[in-house]
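Asker: Numbering (this note's numbering), first residue to last: 17 to 140.
Here it is, the structure in full.
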């Protein structure tokens with residue numbers, strides 16, 4: 017099992033094209049840990065904004081009567097992928113892993129696979 021810090025380091029080193037990673041509590045919108053980012057990518061602001069995305073999706077699913085769980089959410093920009101993976105492990109209710117990828121360097125399928133593995137090893 018891996019700590020939050022170790023998991024974020026693993027995301028940044030094992031996922032090709034990683035620009036930044038965060039563990040976020042979507043009940044509060046707070047980042048519990050961040051790594052990477054840049055002057056143009058404030059992960060704390062992104063964590064709060066992506067909290068709204070997850071809340072809206074959960075609310076919409078409830079209104080539609082969809083009882084499936086959300087595995088991940090992908091937001092594709094011109095130059096980046098923003099991948100949000102909800103934590104399903106014990107103690108992870110209300111949390112998601114968030115990673116920003118450089119679109120030109122990333123392999124999206126491998127990034128999803130790696131993020132799933134990192135989530136499974138995360139100890140909360």
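Note that beta-carbon positions come from the ideal geometry of N, C-alpha and C, so glycine has one too.
Predicted, not measured: the structure shown is a model, and the values here were computed from it.
Shortest alpha-carbon distance to residue 73 belongs to which of 57, 58, 56 and 91?
Answerer: For the purposes of this step, residue 73 is taken as residue 57 along the chain shown, with counting starting at 1. Of the candidates 57, 58, 56 and 91, the one whose C-alpha sits nearest the C-alpha of residue 73 is 91.
Asker: List the DSSP bridge partners of residue 96.
Answerer: Locating residue 96 in the chain shown gives position 80, counting from the first residue. Bridge partners of residue 96: 118.
Asker: Starting from the C-beta of residue 130, find all residues in its chain whose C-beta is less than 6 Å away, skip the five residues before and the five after it, and write them out in chain order.
Answerer: The residue labelled residue 130 in the question sits at position 114 within the chain shown. Result list for residue 130: 30 and 31, in chain order.
Asker: Measure how close the beta-carbons of residue 37 and residue 52 come, nearest whole angstrom, since I'm counting them as under 8 Å.
Answerer: Counting from one through the chain shown, the residue named residue 37 turns up at place 21. Counting from one through the chain shown, the residue named residue 52 turns up at place 36. The Cβ separation is near 6 Å, so the contact holds.
Asker: Which same chain residues, not among the five before or five after residue 34, have their C-beta less than 7 Å away from its C-beta?
Answerer: To locate residue 34, count along the chain shown from 1; it is residue 18. Correct list, in chain order: 27, 28, 52, 115 and 117.
Asker: Could I get the ranges of all uninterrupted alpha helix (DSSP H) runs contained in the stretch 54-85, with 4 residues as the minimum, in chain order?
Answerer: DSSP runs (the alpha helix (DSSP H)) wholly in the stretch 54-85: 59-80.
Asker: Indicate whether residue 140 and residue 42 have their beta-carbon atoms separated by less than 9 Å.
Answerer: The count along the chain shown starts at 1 and reaches residue 140 at position 124. The count along the chain shown starts at 1 and reaches residue 42 at position 26. It is not a contact, given that the beta carbons lie outside the stated cut-off.
Asker: Residue 39 and residue 47 - do their beta-carbons sit closer together than 9 Å?
Answerer: As a first step, residue 47 is located in the chain shown; it is residue number 31 there, counting from the start. As a first step, residue 39 is located in the chain shown; it is residue number 23 there, counting from the start. Yes, the pair counts as a contact, with Cβ atoms nearer than the cut-off.
Asker: With a cut-off of 8 Å on the beta carbons, I'd call residue 101 and residue 113 a contact; round off their distance for me.
Answerer: Counting from one through the chain shown, the residue named residue 101 turns up at place 85. Counting from one through the chain shown, the residue named residue 113 turns up at place 97. Indeed they touch by this definition, with Cβ atoms about 5 Å apart.
Asker: Going by the CB atoms, is the gap between residue 49 and residue 64 shorter than 9 Å?
Answerer: As a working mapping, residue 64 is identified with position 48 in the chain shown. As a working mapping, residue 49 is identified with position 33 in the chain shown. Not a contact, by the Cβ cut-off of 9 Å.
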